[in-house]
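Working notes for the structure below.
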Amino acid sequence: MNKLNISENILLHRKRIAYTQQNLADFLNISKSAVSKWERGNALPEVNYLGELAVLFDISIDELVDFSPQLTKQQIRMIYTDLSRRFSAENYDDVLNEVKNYAKRYYSCYPFLTSLTGLLVNHVNLTQDKEETIAYIRILIERVLSKSDSLHLKEQMVFFKALLLIKENNHQEVIGLLKESTLPKLPVRTVLAQSYLMNGEMAKAKAAIQIEVYESLIFMMGDLTMLMYFDMHDDIESLIGKGTAIDHAFDLKELHPNTALNFYLTAAMKTTDNKEKSLLYLKEFLTSVKNLSEDYYLHGDEFFSEIDDWIEDFELGKEVPVNKTTAKEQLIAAVEHNEVFKGFKDDIVFKNILHSLKLYLEED
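Number 1473 marks the last residue of the sequence shown (the numbering used here); no jumps.
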């Protein structure tokens, strides 16, 4: 569905039949503000309204939505953002059915199916009955793996498949699925950068190297956090020191606060036997949350000055893939209802951290 065109089409055909926004709202039994959002391109009509609109305007649904079997990246981002918002605001099963309708309509648009798969993986925990969603995720995964020619999309789907298997505690199958990924990584971007340099394209070479450093940095911090969380290293203080040094060197709390907050929350959880240190790491966690709430999107900085175009070219753009409302609830629960911090409940510093955490997230 071309969101930009459908908004224009609704406006055009509404005026053609001399309907006001209120007339159209009354016909569909919805609010006038909903019609206004459609026409401004701020929201998409649910699929069940498309037939009624087409009948009213005396056109086909394909004409109404300017249908094409392939969606652009911009269209995919718009639909993803709209559905992500609705998952936390509306009935889960209703939104799941909407996802299925979209997938059915664009069943040959494999980047879109991959996007919908990621959407469902990120939001499946919002429902108690996960079986239907997981079964549908599998259908989408197998569709892309069997039909798409894109190695990049297939790689993403293999990753999503592994996440599902982890949710089901099927770890042996995950090992079988991913063990080939342990082969040494080839320095593809380094070679690309060298080629750009030899071709006189300095800006592109710089961007390629910055992207390589950025990805390596984020993955390294994630791995350090995992080593710490699962007690896979004897010297926790050494791990925390390494991660803190990386944060200070690259200003990670500003650059990628989501990665920083996971690291510092884990550090706080692993040092509760030293309350002063644990609370210090919780304060760093709080700073990361504050930065995330102010800039809830991926971005570069003064050092990573050439990566913004690369980020914008993601299928989902610079938006963080998890719904903001869901993320807020998880962040608060990670501190307020975390059993490892129960000994801090009456501590004034802990109370202030929790109060500030809620304040930052509620203000956002």
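For glycine and all other residues, C-beta sits at the position ideal for the given N, C-alpha and C.
The residues Phe-1136 and Leu-1137, in chain order, have a CB closer than 8 Å to that of Glu-1161 in the same chain once the five nearest residues on each side in sequence are set aside. The C-beta separation of Phe-1413 from Leu-1364 comes to about 7 Å, placing the pair in contact by the 8 Å criterion.
C-alpha of Ala-1212 to C-alpha of Val-1458: approximately 49 Å in a straight line. The beta-carbon separation of Leu-1440 and Leu-1463, rounded to 11 Å, does not stay under the 8 Å limit for a contact.
DSSP, read as helix, strand or coil, puts Tyr-1128 in coil.
Taking 8 Å as the cut-off, the Cβ atoms of Leu-1229 and Glu-1207 do not count as close. In this structure, the alpha-carbon of Leu-1470 lies about 42 Å from that of Glu-1172. Scanning Val-1300, Lys-1460, Leu-1165 and Glu-1277 for the CA closest to the CA of Glu-1445 turns up Lys-1460. Closest in C-alpha terms to Ser-1259, from the list Lys-1315, Asp-1203 and Ser-1217, comes Ser-1217.
Contact annotation, Tyr-1201 with Ser-1224: C-beta distance approximately 18 Å; criterion of less than 8 Å not satisfied. Closest in C-alpha terms to Ile-1320, from the list Gln-1183, Ile-1416 and Asn-1367, comes Ile-1416. Taking 8 Å as the upper bound for CB-CB distance, Asp-1410 and Asp-1360 are in contact here, some 7 Å apart. Look at Tyr-1216 here: in three-state DSSP terms it is coil, with no helix or strand label. Taking the Cα positions, Ser-1304 is about 12 Å away from Ile-1318. Of the candidates Ala-1358, Leu-1388, Leu-1222 and Ala-1134, the residue whose Cα lies closest to the Cα of Ile-1246 is Leu-1222. Val-1283 and Asp-1332 have their C-alpha atoms some 18 Å from each other. In terms of Cα proximity to Ser-1290, the closest of Asn-1231, Ala-1271 and Tyr-1390 is Ala-1271. Our two residues, Lys-1256 and Leu-1301, have alpha carbons roughly 29 Å apart in a direct line.
If you draw a straight line from the Cα of Phe-1372 to the Cα of Lys-1362, it is about 10 Å long. When DSSP assignments are scanned along the segment 1290-1319, the uninterrupted stretches of alpha helix (DSSP H) that are 4 or more residues long and fall wholly within it turn out to be 1297-1307. Annotated three-state conformation of Asp-1343 is coil, per DSSP. Taking C-beta atoms under 8 Å as the contact rule, Ser-1169 and Trp-1147 fail to qualify, at a distance of about 18 Å. Secondary structure of Lys-1454 (DSSP, three-state): coil. The residue from Ser-1197, Leu-1249, Tyr-1219 and Arg-1252 with its alpha-carbon nearest to that of Asn-1234 is Ser-1197. Leu-1348 is a Cβ neighbour of Met-1337, given a cutoff of 8 Å. When C-alpha distances from Asp-1356 are compared across Ile-1345, Thr-1396 and Ile-1248, the shortest belongs to Thr-1396.
In the structure shown, Glu-1324 adopts helical secondary structure according to DSSP, grouped into three states. Around the CB of Val-1297, fewer than 16 other CB atoms lie within 10 Å, so the residue is classed as exposed.
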